[in-house]
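Numbering (the UniProt record's numbering), first residue to last: 1 to 700.
Worksheet: the structure to be examined is printed underneath.
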């Protein structure tokens, strides 16, 4: 198969100053949770993208100095010779496939707490970033930078750029976005200076200009210099000589960098979840940049459609198609377009589980791509699996995300697979969840796997096929895999923050009732202690159907865990648009059919809400009946040659869809191998040189 002619523009080589990218696919800097402590994990993760055809592969935030310390959040460093050697593993891996390697040099300014280095944070005017995310909160306020501090940061930027060149990077970044130091000079809220670095935009841009200049001097003619800049806030500020200050900033810097990497200001808008934002959402903010500079421009927008990519290029919005989340979901996205295999693209669903990985401080996870972060640790390639030495007949019961992933991977390994589900179609929990507000893109998990299964002759799909223990024994497969999912319960929640007791009443509902079409008829209270998306999205769902609804949670926010996926402010906005009252820090104590009694989580003080129904979104428990029935008949299983009964996904341990997919993939990789439940390899830092930090500010 060959590239569709209308997509050929995506594969044109593009210059970035003195270096040339082989195509327009550009993996922009993004957090991966892989620091210098995991150099081999990091190198293999990025090498997969280079092998898959991405023309430029960039690091995430890479600190230039101990005064930019984001601990405990994961970040890279370029401070010493050890760091050079660690990054060289990645650049060498990327270069093996003909791609360019880029490094996002970064100083966090007032947005970092320097918990490990214990140096004062730096900012233009001593203005802190007062974060509402507990992971970012701190009590140390920043120091107002004097001229000596500014000179020192410029020196550190230049020195890090030289180290980057030595490590083999081809593109070196100056970062002026998302609340970090360069951005703080650009924005008047942070920058109250009255010297030549404050006041009008031409002064506020001065420090960023100097960062670009020292970077170019440091790398000479060996590397391209990129500016990554947030434009959302500045686009909303009227300019004096241009429509906005964002226009004026680009005009002032038009000829300085070799590439503009343009983005939004905050994570909820820059990498918004698909639940709230569609593909290409950045265009209204960044569409003007190419009109003011002749330098190439890269931007993002959760691009998964090649037609959308081509449209942005032909309409003069972008020169490079930036990808962060889509490059994680499918490292081989460019290769599939080049080879005419667009139907095989593993499209990003925009759930932002990858972003939660960074907040958790762990290597990146992906709902669509279970191999993300496992390339070196477990030796998992995103497109290839080892053939089984001895193919077996394997029966999978349950066609949700875990069952589908397990069937696909087992089929690719050469096993004879039968996948049965009692429902009329496949998809499990997503059969219902895809119909909820904003979640339609999540069904790509099902669509991708069903599409690939259609190409595999050794996998047979049987919907509307209920199987009990007797039927399974009669079929006598070599192995049985159970992916029967989990059920929601009507359990309450205690002041000890654990599920306790059950609330039994004819008008008490669970999400399973809503999925089955049983809807409350009157004012309904949603009690949510699941804390992820389900409680909030079901509240929206009911409100959209005209059901008066109120939302109560023992957490401090609605859908509290969605702060990890950058959705929290948008969840609250959505509930506000639906006029849903939100009550936090309260427990549901009782319900009598007319009134729900609440108790404050900390004081125990009671209050009441009139309602006709209650929807509890809380504890999920595995559907384990079939597993228990088979376990009780171990002798019968052995008699017909069934070697094992395994559980995957929610049947093993209820979780998010990302956990189910990974669980199914992992078992499929391990079945038929000599060692089951293989441990992953543990990476270690590279320490081949004595670190020599200039801790000059420690004595200040």
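Here a beta-carbon is modelled for each residue, glycine too, at the ideal position from N, C-alpha and C.
Everything numeric in this text was worked out from a predicted model, so none of it was measured.
Suppose only complete runs of 3+ residues qualify. What are the beta strand (DSSP E) ranges in the region 280-350, listed by chain order? 297-299 and 320-323
The region 140-153 in contact with the region 226-241 per 3-pair CB rule at 8 Å: no
Does the separation of the CB atoms of residue 432 and residue 450 fall below 8 Å? Within the chain shown, numbered from 1, the residue matching residue 432 stands at position 432. Within the chain shown, numbered from 1, the residue matching residue 450 stands at position 450. Not a contact, by the Cβ cut-off of 8 Å.
Residue 359 - DSSP class collapsed to helix/strand/coil: For the purposes of this step, residue 359 is identified with residue 359 of the chain shown, where counting begins at 1. Correct three-state label for residue 359: helix.
Top-ranked residue by Cα proximity to residue 474, from 140, 641, 446 and 609: To locate residue 474, count along the chain shown from 1; it is residue 474. The candidate whose alpha carbon is nearest that of residue 474 is 641.
Please report the straight-line C-alpha distance between residue 694 and residue 303, rounded to a whole angstrom. As a working mapping, residue 694 is identified with position 694 in the chain shown. As a working mapping, residue 303 is identified with position 303 in the chain shown. With a pLDDT of 49 at residue 694, under the threshold of 50, the predicted position of this residue should be treated as unreliable, and no value is reported.
Would you say residue 95 and residue 60 are within 8 Å of each other, going by their C-beta atoms? As a position in the chain shown, residue 95 is number 95, starting the count at 1. As a position in the chain shown, residue 60 is number 60, starting the count at 1. For residue 95 and residue 60, no; Cβs fall outside 8 Å.
Only counting the same chain, and skipping five residues up and downstream in sequence, which positions put a Cβ closer than 6 Å to that of residue 351? Walking along the chain shown from the start, residue 351 turns up at place 351. Taken in chain order, the residues that qualify are 367.
Using the C-alpha atoms, what's the distance from residue 67 back to residue 117? Counted from its first residue, the chain shown places residue 117 at position 117. Counted from its first residue, the chain shown places residue 67 at position 67. Spanning the two alpha carbons is a distance of roughly 7 Å.
Could you give the distance in angstroms between the alpha-carbon of residue 15 and the alpha-carbon of residue 356? For the purposes of this step, residue 15 is taken as residue 15 along the chain shown, with counting starting at 1. For the purposes of this step, residue 356 is taken as residue 356 along the chain shown, with counting starting at 1. Cα-Cα distance, rounded: 34 Å.
Coil, strand or helix - residue 215 by DSSP: As a working mapping, residue 215 is identified with position 215 in the chain shown. In the structure shown, residue 215 sits in a helix (DSSP, three-state: H, G or I).
Terminal residues of the continuous alpha helix (DSSP H) containing residue 701? One cannot answer for residue 701 here, as it falls past the ends of the chain, which runs 1 to 700.
Environment of residue 401 [buried if 16+ CB atoms lie within 10 Å]: Within the chain shown, numbered from 1, the residue matching residue 401 stands at position 401. Residue 401 is buried by the Cβ-count criterion.
Exposed unless 16 or more other CB atoms sit within 10 angstroms - verdict on residue 699: Here residue 699 refers to the residue found at position 699 when the chain shown is read from its first residue. Bear in mind that the predicted position of residue 699 carries a pLDDT of just 39, short of 50, making it unreliable; the figure below should be weighed with that in mind. Flag for residue 699 reads exposed.
For residue 603, which of 592, 587 and 610 has the nearest alpha-carbon? On the chain shown, position 603 is the one that residue 603 refers to. Nearest of 592, 587 and 610 to residue 603, Cα basis: 587.
Drop a sphere of 10 angstroms on the beta-carbon of residue 682, count the other beta-carbons inside from all chains shown, and report buried for 16 or more, exposed for fewer. Taking the chain shown and counting its residues from 1, one reaches residue 682 at position 682. Classification of residue 682: exposed, given that the 10 Å Cβ count is below 16.
Residue range of the unbroken beta strand (DSSP E) whose run includes residue 475: Here residue 475 refers to the residue found at position 475 when the chain shown is read from its first residue. No beta strand (DSSP E) holds residue 475; the alpha helix (DSSP H) holding it covers 469-475.
Does DSSP put residue 182 in a helix, in a strand, or in coil? Counting from one through the chain shown, the residue named residue 182 turns up at place 182. If DSSP states are grouped into helix, strand and coil, residue 182 belongs with the helices.
In terms of residue numbering, what span does the alpha helix (DSSP H) encompassing residue 636 cover? Working through the chain shown from its first residue, we reach residue 636 at position 636. Unbroken alpha helix (DSSP H) run through residue 636: 634-639.
Identify whether residue 416 lies in helix, strand or coil by the three-state DSSP scheme. Position 416 of the chain shown holds residue 416. Looking at residue 416 - three-state DSSP - the assignment turns out to be strand.
Can you look up residue 442 in the DSSP assignment and give me helix, strand or coil? Walking along the chain shown from the start, residue 442 turns up at place 442. Here residue 442 sits in helix by DSSP.
Where do the N-terminal and C-terminal ends of the beta strand (DSSP E) with residue 57 fall, by residue? Counting from one through the chain shown, the residue named residue 57 turns up at place 57. Start and end: 56-63.
Proximity of residue 124 and residue 114 at Cβ, strictly below 8 Å: For the purposes of this step, residue 124 is taken as the residue at position 124 of the chain shown. For the purposes of this step, residue 114 is taken as the residue at position 114 of the chain shown. Result no, Cβ atoms of residue 124 and residue 114 do not sit closer than 8 Å.
How long is the line joining the alpha carbons of residue 639 and residue 397, rounded to whole angstroms? Position 639 of the chain shown, counting from 1, holds the residue named residue 639. Position 397 of the chain shown, counting from 1, holds the residue named residue 397. Residue 639 and residue 397: Cα-Cα distance of roughly 20 Å.
Should residue 568 and residue 557 be called a contact, given that it needs their Cβ atoms to be closer than 8 Å? By 1-based counting over the chain shown, the position of residue 568 is 568. By 1-based counting over the chain shown, the position of residue 557 is 557. Yes, the Cβ-Cβ distance between residue 568 and residue 557 is below 8 Å.
For residue 535, the first and last residue of its enclosing alpha helix (DSSP H): Locating residue 535 in the chain shown gives position 535, where the first residue counts as 1. Taken as a continuous stretch (DSSP letters only), the alpha helix (DSSP H) holding residue 535 covers 533-544.
DSSP bridge partner residues for residue 664 (one or two, in chain order): In the chain shown, the residue the question calls residue 664 occupies position 664. Beta-bridge pairing links residue 664 to no other residue.
Where the beta strand (DSSP E) through residue 154 begins and ends: Position 154 of the chain shown, counted from the start, is the residue given in the question as residue 154. Run containing residue 154: none in the beta strand (DSSP E); it sits in the alpha helix (DSSP H), 147-167.
Among 274, 215, 428 and 43, which has the Cα closest to the Cα of residue 623? On the chain shown, position 623 is the one that residue 623 refers to. With distances taken between Cα atoms, residue 623 lies closest to 428.
With a threshold of 8 Å on Cβ separation, who are the neighbours of residue 217 within its own chain once the five nearest residues in sequence on each side are excluded? To locate residue 217, count along the chain shown from 1; it is residue 217. For residue 217, where only same-chain residues beyond five positions count, the Cβ hits under 8 Å are 158.
For residue 316, which option in 294, 340 and 19 has the closest C-alpha, if you only look at C-alpha atoms? By 1-based counting over the chain shown, the position of residue 316 is 316. If you compare the alpha carbons of 294, 340 and 19 with that of residue 316, the shortest gap goes to 294.
Kindly give me the distance between the Cβ atoms of residue 176 and residue 168, rounded to whole angstroms, as I take these residues to be in contact under 8 Å. Here the question's residue 176 lines up with position 176 in the chain shown. Here the question's residue 168 lines up with position 168 in the chain shown. Contact flag wrong, Cβ pair sits at about 24 Å.
Are residue 173 and residue 104 close, meaning C-beta to C-beta below 8 Å? Translated into positions along the chain shown, residue 173 becomes position 173. Translated into positions along the chain shown, residue 104 becomes position 104. Yes, the Cβ-Cβ distance between residue 173 and residue 104 is below 8 Å.
When DSSP builds the beta bridges, which residues end up paired with residue 14? In the chain shown, residue 14 corresponds to position 14, counting from 1. DSSP, once it has assigned bridges, lists 21 as partnering residue 14.
Could you check the C-alpha separation between residue 373 and residue 363 for me, to the nearest Å? Your numbering for residue 373 matches position 373 in the chain shown. Your numbering for residue 363 matches position 363 in the chain shown. Their backbone Cα atoms lie some 6 Å apart in a straight line.
Could you tell me how far apart the beta carbons of residue 219 and residue 161 are, in whole angstroms, since I believe they sit closer than 8 Å? Start at 1 with the first residue of the chain shown, and residue 219 comes out as number 219. Start at 1 with the first residue of the chain shown, and residue 161 comes out as number 161. That belief holds up - the Cβ atoms of residue 219 and residue 161 are roughly 5 Å apart, short of 8 Å.
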